[in-house]
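Chains as they are written, first to last, in my numbering: chain A, 61 to 203; chain B, 61 to 203; chain C, 61 to 203; chain D, 61 to 203. Everything below concerns the one structure shown next.
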């Protein structure tokens with residue numbers, strides 16, 4: 061079995077349905093059950109002291125989980141996050157992109173559970189770990 | 061016992077230490093153990109369909125928890141979020157500000173636990189509920 | 061609108077479908093959207109030092125959330141916990157029952173979200189706070 | 061750097077400080093940053109239908125995280141769970157032991173964060189994933 065959408069498919073789909081997300085979120089890699097996303101860190105993502113803000117890390121984890129799910133279920137803009145639990149463990153390195161690796165742990169009919177690990181580029185230690193649940197809209201009978 | 065910082069104190073402190081946060085986050089009310097924050101919803105907070113995005117809701121919950129904690133411990137820019145668990149339950153109402161009510165459930169020497177409930181203005185049903193943990197830096201011996 | 065099951069209904073239903081749960085879990089109060097459960101603390105629930113163990117607190121939060129959900133949806137043994145996030149904030153008081161107050165925050169077609177607050181009997185401070193998600197089985201067409 | 065306690069050390073320590081835990085929790089493997097624990101499933105761990113109950117899964121995740129932490133910090137009975145977030149994804153297989161693999165993601169001065177993955181023995185799919193936070197008591201100055 062293979063992914064239902066390629067990296068190019070998903071990138072185009074995101075630009076259409078989430079135009080606000082902007083070009084700072086980049087898909088580095090997309091495989092069945094796994095997506096690697098990069099946040100090109102810029103000034104608007106920083107907290108005082110030069111580290112990436114919590115909301116920017118949350119946004120990266122959320123989009124990485126969404127992309128990994130899309131790759132499995134195909135283009136469904138209506139999949140929505142119903143839960144996120146995130147542990148912030150270390151300060152992101154200043155001046156480095158943030159890399160999120162998302163793994164689809166479960167893909168049921170109604171729910172997907174995705175685990176996401178965040179690192180600063182070039183670092184081994186985790187910056188944060190998150191677990192997200194996506195609610196998947198039922199297919200319309202006649203679609 | 062009373063709060064250590066007033067609404068004006070905290071607003072001034074946030075503008076100094078988090079200049080990127082911007083004027084869209086407003087403290088509506090500040091009391092001992094409790095803060096009410098408002099997100100003046102604008103285009104950059106929206107998802108397609110006109111509802112507030114997950115990262116914007118996370119940002120509001122996070123700052124509400126931070127403000128409620130500051131009111132108790134005084135101005136400590138270095139308090140950091142170590143955990144957030146958030147359930148997204150309903151779509152925020154289109155065209156309405158988002159209101160977060162934060163309650164400090166525990167304030168220990170090293171950790172604070174804060175519960176935050178999010179509603180669209182004028183609505184009774186919860187949009188989201190979050191639980192956040194803040195790590196509180198130890199006081200410097202000679203400060 | 062009223063609850064679909066009374067306290068007696070739910071107690072009888074639990075004894076049937078969860079005989080292992082035992083008589084130490086007692087429904088103190090059942091109302092629409094709200095249940096209060098008591099754990100009659102005994103030796104098997106204790107950690108060294110005489111406080112209630114984490115698994116016992118988890119079990120109480122879980123059953124309180126289940127009972128509050130049953131009261132709304134009627135007897136469905138197949139509702140299952142899909143997520144629990146729990147913050148342990150204070151040691152339970154030694155020699156006191158543990159009281160859980162569960163509030164149904166959302167009851168959708170497929171998911172229920174329940175917030176649970178745990179206290180030692182007679183204490184105001186929270187021992188723990190939990191948020192649980194229950195997956196609700198779809199009604200069978202001809203049932 | 062090596063673990064501070066061997067499997068035998070930790071097993072002996074648990075039997076001393078958690079006599080209630082019982083012989084059904086077994087350490088299969090202990091390494092630096094990693095512990096594998098087994099729950100020898102017996103009747104008292106089951107729900108109707110023959111699958112392991114949520115509280116039993118929570119208990120296994122909790123003790124696996126504790127053991128993995130002990131291996132790093134040495135025998136501290138007072139390390140306490142401050143948070144657990146757990147996603148239940150699949151029914152455990154009937155009649156199989158449950159296996160938890162715990163990984164210490166962060167070991168700070170005050171907090172440890174541990175990720176735990178649960179599987180039924182012999183199965184690849186995850187039954188549950190949990191993230192736990194342990195609060196580590198400060199060393200006494202003169203100890």
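Even glycine gets a Cβ: it sits at the ideal position worked out from N, Cα and C. Computed from a predicted structure; not experimentally measured.
Residue pairing by DSSP places residue 194/A opposite 141/A, 172/A in a beta bridge. Scanning chain D for C-beta atoms nearer than 7 Å to the C-beta of residue 160/C yields nothing, as the closest lies near 13 Å away. Distances from the alpha-carbon of residue 132/A to those of 182/A, 163/A, 83/A, 100/A put 163/A closest.
If you look at residue 132/D, you'll find it in the alpha helix (DSSP H) that goes 114-133. Collapsing the DSSP output to three states places residue 69/D in a helix.
Under DSSP, residue 161/C shares a beta bridge with 96/C, 177/C. As DSSP reads the structure, residue 86/B sits in a beta bridge with 98/B. Going by C-alpha positions, residue 79/A is about 21 Å away from residue 99/B.
Chain order gives no chain A residues near residue 151/D, where near means a beta carbon separation below 9 Å; the closest approach is about 12 Å. Residue pairing by DSSP places residue 188/A opposite 148/A, 178/A in a beta bridge.
Between residue 184/D and residue 165/A, the C-beta gap is not smaller than 9 Å, which leaves the two residues out of contact. Using a 10 angstroms sphere on the CB of residue 123/C, the tally of other CB atoms reaches 16 or more, which defines it as buried.
Here residue 153/B carries a coil assignment [DSSP, helix/strand/coil].
By DSSP's assignment, residue 106/D forms a beta bridge with 112/D. Sorting 134/D, 150/D, 197/D, 119/D by C-alpha distance to the C-alpha of residue 172/A places 150/D at the top. Comparing alpha-carbon positions, the option among 113/B, 93/B, 91/B lying closest to residue 101/B turns out to be 113/B. Residue 178/D sits away from residue 196/D, with the two beta carbons spaced by 9 Å or more.
Annotation: Cβ neighbours of residue 145/A in chain C (cutoff 7 Å, chain order): 145.
For residue 73/A, the CB contacts under 6 Å within the same chain, skipping 5 residues up- and downstream, are 135 in chain order.
At the C-beta level, residue 148/C and residue 141/D come within 9 Å of one another.
Around the beta-carbon of residue 130/A, 16 or more other beta-carbon atoms lie within 10 Å, marking it buried. Taking all protein chains in view, the Cβ of residue 103/C is surrounded by fewer than 16 other Cβ atoms within 10 Å, so the residue is classified as exposed. Residue 109/A is positioned such that its CB atom lies no closer than 9 Å to that of residue 153/A.
Contact between residue 189/D and residue 175/A holds, with the beta-carbon distance rounding to 6 Å and staying under 8 Å. Separation of residue 145/B and residue 68/C (C-alpha to C-alpha, rounded to the nearest whole angstrom) is 34 Å. Inter-residue distance for residue 75/C and residue 118/C is about 19 Å (C-alpha atoms, whole angstroms). Nothing from the stretch 122-134 of chain A brings a Cβ to less than 7 Å from some Cβ of chain D. Residue environment for residue 91/D: exposed (fewer than 16 other C-beta atoms within 10 angstroms of its C-beta). Of the candidates 137/C, 128/C, 71/C, 156/C, 156/C places its Cα closest to the Cα of residue 180/C.
Residue-level contact by beta carbon fails for residue 142/D and chain A, as no gap is shorter than 9 Å. Listed along chain B, the residues sitting closer than 7 Å to residue 170/D by beta-carbon distance are 170.
Chain-ordered, the chain D residues with CB closer than 7 Å to the CB of residue 119/C read 115. Scanning 94/A, 64/A, 170/A, 169/A for the CA closest to the CA of residue 121/A turns up 94/A.
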